[in-house]
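Chemist: Residue numbers (the working numbering), protein chains in the order written: chain A, 8 to 202; chain B, 8 to 202.
Backbone N, C-alpha and C fix where the C-beta goes; we use that ideal spot for every residue, glycine too.
As the structure is a prediction and not an experimental result, all values here were calculated from the model.
1) Applying the 10 Å Cβ sphere with the 16-neighbour rule, what's the burial state of residue 77(A)?
2) State the start and end residues of the unbroken beta strand (DSSP E) segment that holds residue 173(B).
3) Please compile the residues from chain B whose C-beta is within a distance smaller than 7 Å of the C-beta of residue 24(A).
4) Could you tell me which uninterrupted alpha helix (DSSP H) segments, each at least 4 residues in length, are contained entirely in the segment 8-76 of chain B, listed from first to last along the chain?
5) Using a beta-carbon distance below 7 Å, is residue 182(A) in contact with chain B?
6) If you measure from the beta carbon of residue 10(B) to each beta carbon in chain A, is any gap under 7 Å?
7) Answer yes or no: does any C-beta atom of chain B fall closer than 7 Å to that of residue 204(A)?
8) Which of the residues in the segment 62-76 of chain B, read from start to end, lie with their CB under 7 Å from any CB of chain A?
9) Can you say whether residue 99(A) is buried or exposed, counting buried as having 16 or more other CB atoms within 10 angstroms of its CB?
10) For residue 113(A) versus residue 92(A), is the C-beta spacing smaller than 7 Å?
11) Ends of the alpha helix (DSSP H) at residue 164(B)?
12) Going by DSSP, name the residue or residues bridged to residue 106(A).
13) Does the distance from the C-beta atom of residue 33(A) to that of residue 24(B) stay below 7 Å?
14) Is there at least one Cβ from chain A nearer than 7 Å to residue 131(B)'s Cβ?
15) Could you tell me which chain A residues have their CB closer than 8 Å to the CB of residue 119(B), listed as they occur along the chain?
16) Could you tell me whether any Cβ in chain B is nearer than 7 Å to the Cβ of residue 56(A)?
17) So if I threshold CB-CB distances at 9 Å, which residues from the segment 90-104 of chain B count as touching chain A?
18) Taking C-beta pairs closer than 9 Å, name the residues in chain A that residue 47(B) reaches, listed in chain order.
19) At least one CB of chain A closer than 7 Å to the CB of residue 80(B): is that the case?
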């Protein structure tokens, strides 16, 4: 169509994760045809977030301050440090309401295929944070796919070599699941870790 | 997490069509963590597109000028006018390379459930455009789902009452399809319209 402003918008939307050409076209047409207010609001939110959001000096999550609200909360148990991949994972654990310790957010995980090695996922900052003399237990809560498991393994080795107690979230049958639909690996773990 | 700049960004991304809370979070974290350049570029593209893009005075598609490049092209056959729902549909027909006439882009279709009635899909501008004395044939190329068919029906009635020749894209078996996997309605149309 040779309309540079439209082509630029579609190209920029395509760079969002999970958005292909057809989705980007649909988004651009929708915004321009029906919702120019949302387009202006998104432009402003992007500019503000890029300008303001940085990483918490203690847990590495996104925050506008120097240290995030969770790390500053005196009610939290500073002896427990839970390592998660993303702020979304941290939010999921918070919603469970069953953890009162602190967090360390890796902002990624080992992914050799994408060129993400041990040096790229913040191992050194984690070792420094966990070695503050207050943390007793590091709970590894990375995902249970291949990359999350590899990340947990690498971090566990490094943390144990510093003398820290390292635990991993339990594997087992999800609440509400029928056994016949649970995969074999999960059943094997559930049997081995029965209590 | 009570980080207003991050929450605003996630809220704004959620307003994009097809984007829910989890996708919006993933997009926001990706942009802030790995691709702040893309975030800045998207903000600029949104601002530029909203400021520059308007509707072609003749075919109603998005354009930066008064009239779009297709409508201004003297090589196109001004006696044929093809009515499509979106610029993406127009682009698909252009890629087929088998149409040399002009277009009219509805920018929508009848959708009673979403409150989109006949008055909302540009019937009056279409009748004015098709009644310029040059257009001989109006080809209805709206979709073949229920809403596209209803749109074609309503537009066809209005255009025929003005004495215009109205045609519809052929229904039939898609190229490359095996008959056993084609639905019954399509087979019935393919039989009735055999040639």
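Modeler: Answer, in terms of the structure:
1) buried
2) 172-175
3) 33, 34, 37
4) 11-21, 28-41, 43-59
5) no
6) Yes - at least one Cβ of chain A is within 7 Å of the one on residue 10(B).
7) Residue 204(A) lies beyond the residue range present for chain A, which begins at 8 and ends at 202; the question has no answer from this structure.
8) Among the residues of the segment 62-76 of chain B, those with a Cβ less than 7 Å away from any Cβ of chain A are 69, 70, 71, 76, in the order of the chain.
9) By the Cβ-count criterion, residue 99(A) is exposed, with fewer than 16 other Cβ atoms from all chains shown falling within 10 Å of its own Cβ.
10) yes
11) 153-167
12) Paired residues: none, contrary to the question.
13) yes
14) no
15) Under the 8 Å cutoff, chain A gives no residues; its nearest Cβ is about 17 Å from residue 119(B).
16) By this cut-off, residue 56(A) is an interface position.
17) 93, 94, 95, 97, 98, 101
18) 53, 54, 57
19) no
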